[in-house]
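Trainee:
Residue numbers (my numbering), protein chains in the order written: chain A, 1 to 312; chain B, 1001 to 1132.
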């Protein structure tokens, strides 16, 4: 593997801890698209350089070289260590590609479920569907015409002005296409597990984003914080709980409801330039490494083919 | 701008439906208006209720000289089992799922619970209606 090929991997290693920290210094409406873009670009770039390394290993095989009409000796200078690395890259890229395909299928099936459920939901009021259910629950259901689904149990828990916060928050998820960011970042994390912290930050970010939209809509940050707090407590103290333990843990980890409420008690986040620039710079390193790898590999094989012709 | 007026209408419909659903009983126009803390004009509430009734979201019955509006009975299209909880189980369970649902609030850690109780200035109280 050449130095340029390590750039996307390095970018992923840097983004894992730094991405979330940089993201939290930006307004969520800025950090979520930037983090999603960084995750996607890095995942694609990593996959690309690993695939090139794997191709290099294959190109060393006699029959493959004969088929491609290139000279094995000039395909690549480099010792056995390098070849071992390339073979490892091939195995890794295979596993990661399979994980990405599995994840993409999963996303497709689940979105399909959501869209089908939306269609079965019958009449709505401005996209709101109320379900009779004593357990306090509220969520946005993505679809062609997405719906906000709220249980009567949740509505009963909130005073009227806090209900407006809840509805504005869920509408914001649908209006700003938050699901798209979450799913793309999740896909990137499946294709490159180093990016998992980034995907979690995107999930956290869309909740903060919707909170900020809702607070702006009701024009009262304290009110928004109270709504989040009351809904959170109502759900936590709900006697009915049939959710599986594992999902419960995952949700508690990614929710950070307390942190969301605290953020709403602070002034709205300022637009800073440097965290955004830093995120874009790391993303460019990943893309640049992949692009450089692509062009040098092409040159290398052209030379190897010329050597092959000369040798004959 | 037709877009912004459509958005405003949607918000009105959501507020009115949420108010009726929270009350859990049929309400007259005046009661809904009061339930929304008088934030909306009477005629606005009346227009919205009428529109929701026409859409089939609400049913109405005479109550004195006015109508009382209530949530329409569970629509035929929705199987009885399809509660919010059932839908969540269907779409959002298991670590391998893509979790397409964006919940308003996720589950709390004990630390979260402490922060939120403090924020509301209350202990073990989660009933709506009061303002702190």
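Just so it is clear, CB atoms sit at the ideal spot from N, CA and C, and this is done for glycine as well.
(1) At a Cβ cut of 9 Å, what residues of the region 1036-1057 of chain B count as close to chain A, listed as they run along the chain?
(2) Which partner residues does residue 1069 (chain B) have in the DSSP bridge list?
(3) Output the distance between the C-alpha atoms of residue 1112 (chain B) and residue 297 (chain A), rounded to the nearest integer angstrom.
(4) Take residue 92 (chain A) and list the residues in its own chain whose beta-carbon comes closer than 8 Å to its own, dropping the five residues that flank it on each side.
(5) Interface residues of chain A around residue 1063 (chain B) at Cβ under 8 Å?
(6) Going by DSSP in three states, residue 95 (chain A) sits in which element: helix, strand or coil?
(7) At 7 Å on the CB atoms, spell out the chain A contacts of residue 1104 (chain B), in chain order.
(8) Which bits of chain A does residue 1111 (chain B) rub up against, with CB to CB less than 9 Å?
(9) With three or more C-beta pairs closer than 8 Å as the rule, is the region 97-113 of chain A touching the region 297-309 of chain A?
(10) Got a sec, what are the start and stop residues for the beta strand (DSSP E) residue 16 (chain A) sits in?
(11) Which runs of the alpha helix (DSSP H) at least 4 residues long sit entirely within the region 150-218 of chain A? Give them in chain order.
(12) Anything in chain A within Cβ reach of residue 1013 (chain B), meaning under 9 Å, just list it in chain order.
(13) Within 10 Å of its beta-carbon, does residue 274 (chain A) have 16 or more other beta-carbons around it, so buried, or fewer, so exposed?
(14) For residue 45 (chain A), tell me which candidate among A:23, A:11 and A:234 has the shortest Cα-Cα distance.
(15) Please state if the CB of residue 19 (chain A) and the CB of residue 96 (chain A) are separated by a distance shorter than 8 Å.
(16) Assuming residue 171 (chain A) contacts residue 148 (chain A) (C-beta within less than 8 Å), just tell me the rounded distance between them.
(17) If the cut is a Cβ gap below 8 Å, which residues of chain A does residue 1024 (chain B) touch?
(18) Report the partner residues of residue 139 (chain A) according to the DSSP bridge assignment.
(19) Residue 61 (chain A): buried (16+ other C-beta within 10 angstroms of its C-beta) or exposed?
(20) Quick check: is the beta carbon of residue 1100 (chain B) nearer than 8 Å to any beta carbon in chain A?
(21) Does DSSP put residue 54 (chain A) in a helix, in a strand, or in coil?
(22) Does the distance from the C-beta atom of residue 57 (chain A) to that of residue 86 (chain A) stay below 8 Å?
(23) Residues of chain B with CB closer than 8 Å to the CB of residue 312 (chain A), please, in chain order.
(24) Measure the CB-CB distance between residue 279 (chain A) and residue 34 (chain A) and report whether it falls below 8 Å.
(25) In terms of residues, what are the limits of the alpha helix (DSSP H) holding residue 129 (chain A)?
(26) Between the beta-carbon of residue 1059 (chain B) and the beta-carbon of residue 1072 (chain B), is there less than 8 Å?
(27) Are the CB atoms of residue 269 (chain A) and residue 27 (chain A) nearer to each other than 8 Å?
(28) In three-state DSSP terms, what is residue 125 (chain A)?
(29) Quick one: which chain B residues come within Cβ less than 8 Å of residue 220 (chain A)?
(30) Please report the distance separating the alpha-carbon of residue 145 (chain A) from that of residue 116 (chain A).
(31) Against residue 1009 (chain B), what residues of chain A qualify as contacts under a CB-to-CB distance less than 9 Å, listed in chain order?
(32) Got a sec? Which residues, its chain only, sit under 8 Å from residue 152 (chain A) by beta carbon, not counting five neighbours each side?
Mentor: Reading off the structure:
(1) Residues passing the 9 Å Cβ filter: 1036, 1037, 1039, 1048, 1051, 1052, 1055, 1056 and 1057.
(2) B:1027 and B:1060
(3) 52 Å
(4) 50
(5) Per Cβ cutoff of 8 Å: no residues; residue 1063 (chain B) is ~21 Å from chain A at best.
(6) helix
(7) 138, 139, 166, 169, 170 and 231
(8) 258
(9) no
(10) Where residue 16 (chain A) is concerned, there is no enclosing beta strand (DSSP E), although the alpha helix (DSSP H) it sits in stretches over 3-23.
(11) 152-157, 160-175, 178-191 and 196-218
(12) The contacting residues are 124, 125, 126, 127 and 128.
(13) Exposed, by the Cβ-count rule.
(14) A:11
(15) no
(16) 6 Å
(17) 152 and 156, listed in chain order.
(18) Per DSSP, A:149 and B:1103.
(19) exposed
(20) yes
(21) Correct three-state label for residue 54 (chain A): helix.
(22) yes
(23) Within chain B, no residue comes near residue 312 (chain A); the closest Cβ sits about 53 Å away, beyond 8 Å.
(24) yes
(25) Segment 128-131 is the beta strand (DSSP E) holding residue 129 (chain A); no alpha helix (DSSP H) there.
(26) yes
(27) yes
(28) strand
(29) Result: empty, since nearest Cβ-Cβ is about 12 Å, beyond 8 Å.
(30) 11 Å
(31) Here the neighbours are 126.
(32) 130, 131, 132, 133 and 134
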